[in-house]
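Encoded as structure tokens, the structure appears first; notes follow it.
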Amino acid sequence: MKAKDISNLYLFCQSVECGGFAAASLQTHVSAPTLSRAVASLEQQLGEKLVHRNAKQFQLTTAGDEYYQRFSSLFSELNDEWIRLSNSQPVLTGEIRVSCPEPFADAFLQKLAIEFMDLHPEVSISIQFSAGTERFLMNRLT
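See below:
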């Protein structure tokens, strides 16, 4: 089985869950014609018709229902594991201390620090203002 086959199978399952290609298109961000072609490709590869298509209905065949029942739960499990692993990333904690000229903090650092603290609420940021830009640069260069 190739990655494209898995992708087509996933798009088939999404189309079934959403009740058709148009609704699945909104969920998957894949165009309805592309979804239709993916399912047609899957049908050709399997040698079985999976879906009865017409303008107003999207109905599974017996084979389509069987494939959906077998594989939708696998995609659901995979999604659950993905979420579980994504949520198990370590939380950043601690303190960051920054010393910089006040104009630099006002123009650049303040917005960046706020965005960072929104993403990592367990981290505190302390900003110490130095006297002036020129003096700060001279002290750091020598």
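Start counting at 1 in the sequence shown, then tack on 63, and there's your number in this note's numbering. Just so it is clear, CB atoms sit at the ideal spot from N, CA and C, and this is done for glycine as well.
Inset, instruction - Hey, could you find the ends of the alpha helix (DSSP H) residue 96 is sitting in? - result: In this chain, the alpha helix (DSSP H) harbouring residue 96 covers 95-109.
Inset, instruction - State buried or exposed for residue 77, treating a residue as buried only when at least 16 other CB atoms are found within 10 Å of its CB. - result: Looking at its Cβ environment, which holds 16 or more other Cβ atoms inside 10 Å, residue 77 is buried.
Inset, instruction - Report yes if the CB atom of residue 98 is closer than 8 Å to the CB atom of residue 84, and no otherwise. - result: In contact: residue 98 and residue 84 (Cβ atoms closer than 8 Å).
Legend entry - Among 124, 86 and 72, nearest to residue 113 - alpha-carbon criterion: Out of 124, 86 and 72, the CA that lies nearest to the CA of residue 113 is found in 124.
Inset, instruction - Compare the C-alpha of residue 159 against each of 94, 146 and 176 and name the closest. - result: The shortest CA-to-CA distance from residue 159 to any of 94, 146 and 176 is the one to 176.
Legend entry - Between the CA atoms of residue 168 and residue 140 - distance to the nearest angstrom: Between residue 140 and residue 168, the C-alpha separation is close to 46 Å.
Inset, instruction - May I ask which residues mark the beginning and end of the beta strand (DSSP E) holding residue 135? - result: Per DSSP, residue 135 belongs to no beta strand (DSSP E); it is in the alpha helix (DSSP H), 125-150.
Legend entry - Pick from 68, 162 and 145 that is closest to residue 109, judged by C-alpha positions: Of 68, 162 and 145, the residue nearest in Cα terms is 68.
Inset, instruction - Give the secondary structure of residue 154 by DSSP, where H, G and I count as helix, E and B as strand, and everything else as coil. - result: If DSSP states are grouped into helix, strand and coil, residue 154 belongs with coil.
Legend entry - Proximity to residue 120 [Cα-Cα], best of 138, 153 and 82: Residue 82 is the option with its Cα nearest to residue 120.
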